[in-house]
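First comes the structure, then the notes that go with it.
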Amino acid sequence: MSTVAAEQFQHQAPPPEPYQGRRSSVIGKFVDRFRSGSGGLKATNSRGGLLPDDYYENKDSGGGDAPAGEDHVPPPAAARNRKRGSITMSASALSAKMRGGRKEVATVDPTPAESAPSDLWTESYNALRDDETSSSLTLAYESIVSKQLPKLLKQDRRDKPLRGCSDEERADLMLAVTRGSMSNKQGEQSEDDEAQAMLASCREAIAGLMSAQPNYAAAWAGFCSLTPELLQTVIERNDLRAGLVHIIGRVSWYGQLEQVLDSNSWTDEGVFREQQGSIRANLSHLYRAVLELEMNCVCATAGVSDPDMDSVVAWDELNVMVRRIMQADDEAVFVVRQHCTAEVQDKLLPLVTDFRMPSEEDDEARD
1 MSTVAAEQFQ
11 HQAPPPEPYQ
21 GRRSSVIGKF
31 VDRFRSGSGG
41 LKATNSRGGL
51 LPDDYYENKD
61 SGGGDAPAGE
71 DHVPPPAAAR
81 NRKRGSITMS
91 ASALSAKMRG
101 GRKEVATVDP
111 TPAESAPSDL
121 WTESYNALRD
131 DETSSSLTLA
141 YESIVSKQLP
151 KLLKQDRRDK
161 PLRGCSDEER
171 ADLMLAVTRG
181 SMSNKQGEQS
191 EDDEAQAMLA
201 SCREAIAGLM
211 SAQPNYAAAW
221 AGFCSLTPEL
231 LQTVIERNDL
241 RAGLVHIIGR
251 VSWYGQLEQV
261 LDSNSWTDEG
271 VFREQQGSIR
281 ANLSHLYRAV
291 LELEMNCVCA
301 TAGVSDPDMD
311 SVVAWDELNV
321 MVRRIMQADD
331 EAVFVVRQHC
341 TAEVQDKLLP
351 LVTDFRMPSE
361 EDDEARD
């Protein structure tokens, strides 16, 4: 699996200031525990995956596929304990610790910002697809997403509908999946159904950006097409759950971040011109990491019943992947605070928030 550089931003950010209006919550405490490294993983095999060890033992010994009639299905996940315990370290303290202990590496050479900011998602997707360490993940993800295409589009492209087409064609096909997911009937939402609430939150945010950012909306086709039942099978794992709480809460943030590539968003145009190429490259790395986490999540849901899908998931790397996204986001926030106008800050910074259950948001609104 490709390594996503988290240390790309030129500025080494100080501990982020606490965001106004945020409060402690069950999910917030869980994410803080994960950031502090105290959240354990819930795996069902020694590799960290959701399939039992005997499947891999049979496969490695040359046994091939499982005998007919034998289903290698993981045991049911244990019920989640809603009480996650005390917080050992705050998110701000962890961010400061991670930045202070980060090793210095060579900075990325600035590259010209040749294409429109909205193309960053296409660029990041192609980077994952073309990297041999993540090409199998991307192919598996495309296979899953293509099954959600409308019938007419499926018939037009029977074999590998998302592979071998242009970037524009792929974006159109994925956008069709995203649009179709908006009308999915999920039934009445339960107050305690975290998976259902995550999907509803993501779809609502994407719906608000679909017209202005079609490529971005297309990038979320896989996650938007999931059902609560499928998503529930993987958010039992603390690493995936923490990652999803983080990125689902920031769907609107990622969709609006292109504004930092507009010189009018900066207080000093000279500084913007100087750093434009490296900032664009840094955002591309962040977007690639978010896409890679989404692909792993979608493939993990399919991996519960399909060993081939389970095998492409980077189970051992998810923890590090999530932490890199968290740190890269902290550094992106620093760029906005340090260089952007007050108007842009007022628009972007409120979007930097973790996912919260509707009941928690209602409680905050009443306070």
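Using the UniProt record's numbering, you'd call the opening residue of the sequence shown number 1 and step up by one each time.
Glycine is no exception: its CB is placed at the ideal position from the N, C-alpha and C atoms.
Here the structure is a predicted model, which means the values were calculated and not measured.
Residue i to residue j, Cα distance in whole Å?
i	j	result
R154	T353	A quick correction: the sequence has Lys, not Arg, at residue 154. Rounded to whole angstroms, K154 to T353 spans 37 Å at the Cα level.
S278	N215	22 Å
L139	G222	12 Å
A328	L162	29 Å
K347	Q259	10 Å
V313	I247	18 Å
Q148	V177	6 Å
Y287	L257	10 Å
S143	Q196	23 Å
D268	T341	9 Å
V344	F334	13 Å
L152	N184	18 Å
N238	G249	16 Å
S211	A171	13 Å
S311	D131	17 Å
G270	D316	43 Å
Whose C-alpha, out of the options, is nearest the C-alpha of residue i?
i	options	result
A332	Y254, A242, I248, V304	Y254
V245	Q276, S201, T267, L128	S201
H339	A218, M198, Q275, T178	Q275
A302	Q256, W315, F355, L230	L230
S252	L209, C224, C165	L209
E292	D172, R179, E194, A219	A219
F355	M198, W266, V271	M198
P350	V336, A217, D131	V336
E168	N126, K151, L137, A205	N126
Within a Cβ cutoff of 7 Å, which residues of the same chain sit near residue i, ignoring the five residues on either side of it in sequence?
i	result
S284	L120, E123, S124
S135	R129
E225	The sequence given here has Ser at residue 225, not Glu. So the list reads V145, Q148, V177, S181, once near-sequence residues are dropped.
R203	S181, M182, C224
A217	L175, T178, I206, L209, M210
P150	A176, G180
Taking 8 Å as the cut-off, decide whether the C-beta atoms of residue i and residue j are in contact.
i	j	result
M182	A207	yes
N296	L261	no
A205	V322	no
residue 451	I235	The requested residue 451 does not occur in the structure, where the chain is confined to residues 1 to 367.
V304	T233	yes
V298	Y141	yes
A300	L240	yes
How about residue i: is its C-beta nearer than 8 Å to some C-beta of chain C?
i	result
S134	No chain C is present in this structure, which holds just one protein chain.
In chain order, what residues of the same chain lie with their CB nearer than 6 Å to the CB of residue i, ignoring the 5 residues before and after it?
i	result
H306	In the sequence as presented, His is not what sits at residue 306; that position holds Asp. Nothing listed; no residue qualifies.
F272	S263, W266
M309	A140, C299, A302, G303
S137	The sequence shown places Leu at residue 137, rather than the Ser named in the question. Here the set comprises M295, V312.
Continuous beta strand (DSSP E) assignments of at least 3 residues falling wholly in the segment 260-321: Taking only runs of at least 3 residues, no beta strand (DSSP E) segment lies wholly in the segment 260-321.
Give the list of continuous alpha helix (DSSP H) stretches no shorter than 4 residues that lie fully inside the segment 112-146. Restricting attention to alpha helix (DSSP H) runs no shorter than 4 residues, the segment 112-146 encloses them at 120-130, 135-146, ordered along the chain.
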